[in-house]
Every structure is written in C-alpha cells, then in structure tokens.
Amino acid sequence: QEQLVESGGGLVQAGGSLRLSCAASHLTFSNYITGWYRQAPGKQRELVATVTHSDVTKYADSVRGRFTISRDNAKNTVHLQMNSLKPEDTAVYYCYLNHRIVTAITYWGQGTQVTVSA
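Converting from the sequence shown to the numbering used here requires adding 172 to each position, the first position being numbered 1.
Structure follows, in structure tokens:
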C-alpha cells in the first residue's frame, strides 16, 4: 500500500509564504496525475491545484497567481509553493495521486495544517 508523506505546513502571517511537499515511494510517479486539495473547518474539501503527467497545471480561481504546483518525477515528489497567503487559505492540505489510466487507483496524504494569521 502506497503512503504519501506530506511536509511543509505551519503557521504564517498574512502575506507570507509556505512550500508544501508530498513524497511517494513505491510507485511510478510519472503514471499519476497529482495535486492538492484543502479542507477548512466546516467546509467541503476543495481542489487547489493539479498537475498532470505531462505537466499541465490547473488551479482554483482563489489561488491562481499566488500558488504554483510543480512535480519532480525523478524524486517522486509534488510541491505547492504558496505565496501571498491569506487567512482564508487556512485549511488542512491533502496531496493525492490519481492513476492516469486506471482512474480508480487513488492515494491520499495524511494532511498538513496551514494556518494563516491576519
């Protein structure tokens, strides 16, 4: 069973930056679409950003221009660079992998807390 290990969350002031990372270890990373969701207290989980196996990226409107997703297939990692953070970005952030062909195969990270103070 694959496990995704997340790191990089924390507490930051509004306007600051954080970089989240997510690492996989037992699969061929390039076969997967990957990205990040987030869930704030009392809200539904929402898609933040995705990057396909061919490096096509997609962002939620709320983060476009502030967040950048990137992947390193050689290191089995995906990163989320978050700049100009706002209090409304406060949430638990989850990385995921979704197989690009066998779409039922999905893995999730354990979640990492991001808190942005005003």
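A virtual CB, placed ideally from N, CA and C, is assigned to each residue, including glycine.
Can you give the Cα-Cα distance for residue i and residue j, rounded to whole angstroms?
i	j	result
Thr287	Pro259	7 angstroms
Gln145	Ile277	The structure shown has nothing for residue 145, since the chain only spans 173 to 290.
Leu183	Leu269	26 angstroms
Ala212	Arg236	18 angstroms
Leu190	Gln216	22 angstroms
Asp261	Met254	9 angstroms
Ile241	Ala195	14 angstroms
Gly163	Leu199	The question about residue 163 has no answer, for the chain in this structure spans 173 to 290.
Val223	Thr206	6 angstroms
Ser226	Gly214	34 angstroms
Ser197	Leu176	8 angstroms
Ser289	Tyr265	16 angstroms
Glu218	Ala263	10 angstroms
Over the uninterrupted beta strand (DSSP E) stretch that includes residue i, give me the two end residues.
i	result
Gln185	Gly182 to Gln185
Ser179	Val177 to Ser179
Return helix, strand or coil for residue i, following the three-state DSSP convention.
i	result
Ser197	coil
Ser189	coil
Taking its Cβ as the centre, do 16 or more other Cβ atoms sit within 10 Å of residue i, making it buried, or is it exposed?
i	result
Asp233	exposed
His251	buried
Glu178	buried
Ala221	buried
Ser202	exposed
Ser193	buried
_Which runs of the beta strand (DSSP E) at least 3 residues long sit entirely within the segment 209-285? Give them in chain order._
If we require 3 residues or more, the beta strand (DSSP E) runs fully inside the segment 209-285 come out as 218-223, 229-231, 239-244, 249-254, 263-271 and 278-280.
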